[in-house]
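Residue numbers (my numbering): 748 to 1534.
As structure tokens, this is what we get:
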């Protein structure tokens, strides 16, 4: 019976065609066309489809007009509609047509196919849904296939075009496949590839632009979905194409690759147009130019993500995601985009230029772990509300910015996030940084930096909202975009941000328990580089480099320690057995200990003197034993990690200065005073000693902290620190002890060593700095013949 039915249907179709071709015959009766509509060799003809659908072909103008409501579903080896090159296909006003190419085991067929140029026009309140046939083994057919020619299409404001590729077990068909494309879309156009195992497996819209530029214009919306959403290239695989978007909204979704793939070519989005590109690997492959809006997302979309999961023209004053359980793309959240990806254990929301305001509910998120990835500038003036749940948490990440403002009509202070007490800030990607501000408004309007207010690569954090917070802003940026600006990170305090050099930045530490500490500069590993003030609030002078400040509440001001004798000018540098001072000889660690021991005032000796020593390599009764033990007891000397003092090793310039600064601990605020101390462990001590005038560098301006200090250099440092400074040989007295290697007054160290090796009384000269000897004193028995 089925075979007989097909024969009768074929006979009836033949009769209809005959009636149309013979002059004077009646209009064809109602008849479907299972073989498809091939007009490449056909004279003028009119076909009827369904109750009122007609397809009218005029060969002289190569124009096919579809009117009424009709459906063409090809069978066998047929495309839905086949037109000759240069044809025009018009879907008349109020017409609604469905066209589908035939399926096949090996090669499926296009819904609409032209070998050459095609002009397509869809009038007001008209629609055309075209699909390629399905294929069981190879490629599905294209919804629209224009081979070797250009596709020029125009869709009216209330018109729509849907072109879907056929499904296949190997590779789906294209939604739209053409040469150069010129689409004027004032309505709605959807181009989607076919699928393989329920996932897009081809290209939504593929244009071979050749030497020209494919274009999309108008005021409507174009949605392209596929493995690649949109691909534009010159003839030949891998040649970069050119695409210009003059108007409207274009949304391109690449489920497994890219939203837009240009083979490195250029996408120009002009002012007034917008492009949203979502891809599993990247949003856009190619360069982007123009003044229009461009939104790029990277997201691994579910295999079942489809056009019904895209909410277009979202205009609500709130975005309520508490009941949305499927991945959803919102394409116009007050001019921006939002991609919602719910999961079993955590949810992710990507925002790009989204803004919610106007007294609505803001952004509503479900209970559980939520992450907001930021792209572009986003604003939630009505805050974010998390549904009640035991595991409420929110993490912010990405490369954009987010402003949260939450104010009641009464002006009461309200936390910007409701349902959680804070927000986690994800560590920026390599080459990025993030800044955060909270308070009553932006910086300068009641806002303050949050603890750790600048976050760098691998350095995330968390902010706990305060009851008086009305404002929160987080911004991600690229470090290479900071021109003449530097990052101030404030850990355990407020005030960080991005500032030019020489900016006076107020920083503060707020603690309900009233704890105090000290501001310290740290390196990236948390080691102190420089100490600043102990006041909880102070103005920090921004240098021309990135800085990390930390308020250390563990710091306690040093207790009074040992002091050096400043009134009595006793001998502290003794000679050797041969009577020499050896000014250019190196100073050993035990000799350094003896120098400082010789200069201890009587109160310090009485308090700290001991012969109990913590160092295992120091022999009891040796000439330096008491000196080393006493200074170690006073906290002035430290051994190595193995508990050894190494008394015979030479002392470096940095080590010697560090011992001296332990008698008078202090801090220095400002730039390094020597170019070669950088991240040296003694940088703070060296800067402080230099700021006090105790040390000087070499002629080239360096300090050379790790070089061995000479005996003359050691004496010069102490003479400056203790203000033991004769100005010339006339300030000395005859009868002083003479050393055979210190007899030349022209040597820079001559006066220094005479002062260190001869006891004397003195008077201060009128300049308040230099001295003149008044009487020689007896040489002290303390010390050692080798000092």
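For glycine and all other residues, C-beta sits at the position ideal for the given N, C-alpha and C. The model shown is predicted, which means the values in this text are computed figures rather than measured ones.
Assign residue i to one of three DSSP states: helix, strand, or coil.
i	result
residue 1464	helix
residue 841	coil
residue 1218	strand
residue 779	At residue 779, the pLDDT of 47 sits below 50, so the modelled position is not reliable and the matter cannot be decided from this model.
residue 754	Confidence at residue 754 is low in this model, with a pLDDT of 29, below 50, so its placement is unreliable and no value can be given for it.
residue 1289	coil
residue 874	strand
residue 1363	coil
residue 1424	coil
residue 803	strand
residue 1181	strand
residue 1001	strand
residue 763	Only weak support is given to the placement of residue 763: the predicted model assigns it a pLDDT of 33, under 50, and the value that follows is read from those uncertain coordinates. Three-state DSSP puts residue 763 in a helix.
residue 1516	coil
residue 1069	coil
residue 1354	helix
residue 1160	Any reading at residue 1160 needs caution, since the residue's pLDDT is 34, under 50, leaving its predicted position unreliable; the model's value is listed next. Of the three classes helix, strand and coil, the one that applies to residue 1160 here is strand, per DSSP.
residue 1438	helix
residue 774	Reliability fails at residue 774, whose pLDDT of 39 lies under 50, so the model's placement of it is uncertain and the value that follows must be treated cautiously. Coil at residue 774, not helix or strand.
residue 794	strand
residue 1210	strand
residue 1478	helix
residue 1455	strand
residue 1375	helix
residue 1405	helix
residue 918	strand
residue 1196	strand
Looking at the strands, I want to know which residues DSSP matches up with residue i.
i	result
residue 953	924 and 978
residue 1508	1522
residue 929	899 and 962
residue 1087	1075 and 1096
residue 1036	1015
residue 816	843
residue 1042	1023
residue 1269	1275 and 1295
residue 968	935 and 996
residue 1284	1255
residue 835	810 and 866
residue 1142	1118 and 1171
residue 860	829 and 892
residue 1127	1103 and 1151
residue 1235	1244 and 1294
residue 947	942
residue 1058	1077
residue 1201	1182
residue 854	886
residue 987	980
residue 907	874 and 935
residue 1007	977 and 1031
Check the C-beta distance from residue i over to residue j and give it rounded, since I have them as a contact under 8 angstroms.
i	j	result
residue 1334	residue 1236	Their Cβ separation, rounded to whole angstroms, is 40 angstroms, which puts residue 1334 and residue 1236 out of contact at 8 angstroms.
residue 794	residue 825	The Cβ separation is near 14 angstroms, so there is no contact.
residue 835	residue 813	About 12 angstroms; that fails the 8 angstroms criterion.
residue 1047	residue 1027	5 angstroms
residue 957	residue 985	With a Cβ gap of about 14 angstroms, residue 957 and residue 985 do not count as contacting.
residue 819	residue 846	5 angstroms
residue 1125	residue 1096	10 angstroms between Cβ atoms; not a contact.
residue 783	residue 829	7 angstroms
May I ask you to verify whether the stretch 1318 to 1333 touches the stretch 1354 to 1365, counting CB pairs closer than 8 angstroms and requiring at least 3?
-> The stretch 1318 to 1333 vs the stretch 1354 to 1365: no contact.
Below 8 angstroms, can you find three or more Cβ-Cβ pairs linking the stretch 1202 to 1211 to the stretch 1247 to 1257?
-> These segments do not touch.
Does the stretch 1322 to 1329 touch the stretch 1361 to 1380, meaning 3 or more C-beta pairs lie closer than 8 angstroms?
-> These segments do not touch.
Cβ contact (3+ pairs, closer than 8 angstroms) linking the stretch 1371 to 1390 and the stretch 1434 to 1448 = At 8 angstroms Cβ cutoff, the stretches do not touch.
Quick check: the stretch 1419 to 1434 against the stretch 1282 to 1301, are there 3 or more CB pairs under 8 angstroms?
-> At 8 angstroms Cβ cutoff, the stretches do not touch.
State whether the stretch 1348 to 1355 contacts the stretch 1263 to 1281, with contact taken as three or more CB pairs (one from each stretch) at a distance under 8 angstroms.
-> Cβ pair count under 8 angstroms is below three, so no.
Contiguous beta strand (DSSP E) assignments of at least 3 residues, all confined to the stretch 1297 to 1348 | As far as the stretch 1297 to 1348 is concerned, it has no whole beta strand (DSSP E) run of at least 3 residues.
Between the stretch 1082 to 1098 and the stretch 1057 to 1073, are three or more C-beta pairs nearer than 8 angstroms?
-> Touching, per the Cβ criterion.
Spell out a yes or no on whether the stretch 1142 to 1152 and the stretch 1109 to 1120 are touching, meaning 3 or more CB-CB pairs, one atom from each, closer than 8 angstroms.
-> When Cβ pairs closer than 8 angstroms are counted between the two stretches, the stretch 1142 to 1152 is seen to touch the stretch 1109 to 1120, the count reaching three or more.
Decide if the stretch 1000 to 1014 is in contact with the stretch 1036 to 1050; the criterion is three or more beta carbon pairs, one per stretch, under 8 angstroms apart.
-> Note that the stretch 1000 to 1014 touches the stretch 1036 to 1050; at least 3 beta-carbon pairs, one per stretch, sit closer than 8 angstroms.
At a cut of 8 angstroms, does the stretch 938 to 948 reach the stretch 1019 to 1026 through at least three beta carbon pairs?
-> The answer is no - the stretch 1019 to 1026 does not touch the stretch 938 to 948, with fewer than three Cβ pairs under 8 angstroms.
Any contact of the stretch 974 to 984 with the stretch 1035 to 1042, i.e. 3+ C-beta pairs under 8 angstroms?
-> The answer is no - the stretch 1035 to 1042 does not touch the stretch 974 to 984, with fewer than three Cβ pairs under 8 angstroms.
If we count Cβ pairs, one from each stretch, closer than 8 angstroms, do we get three or more for the stretch 961 to 972 versus the stretch 929 to 936?
-> Judged by Cβ distances under 8 angstroms, the stretch 961 to 972 makes contact with the stretch 929 to 936, as three or more pairs qualify.
The stretch 1440 to 1448 / the stretch 1488 to 1506 touching (three or more Cβ pairs under 8 angstroms) | As far as the Cβ criterion goes, the stretch 1440 to 1448 does not touch the stretch 1488 to 1506, which means the pair count is below three.
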